[in-house]
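Notes follow once the structure below has been shown.
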Amino acid sequence: MDEKQLQALANELAKNLKTPEDLSLFDRLLKKLSVEAALNEPPRKSWRLNFLRKR
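Letter by letter, the sequence shown follows residues -5 to 49 in the numbering used here.
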């Protein structure tokens, strides 16, 4: 996804945020989804190699 697509998506989502509570809920859900996606992603090979070399 390029920057223009991300900006368009952010603009569309922001239209529905009317209160600070809406923003807070959206922020929490976005963080939750991001962390879950990161945890389900296998570690990158270069990250593993760098980590193991430091031991």
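The C-beta atom is built at its ideal place from N, Cα and C for all residues, glycine as well.
Quick caveat, the model's predicted, so the values are computed rather than measured.
Cα atoms of ALA4 and LYS25: separation of roughly 15 Å, rounded to the nearest angstrom. Look at GLU35 here: in three-state DSSP terms it is coil, with no helix or strand label. The C-beta distance from LEU23 to LEU17 rounds to 11 Å, too long to fall under 8 Å, and the pair is not in contact.
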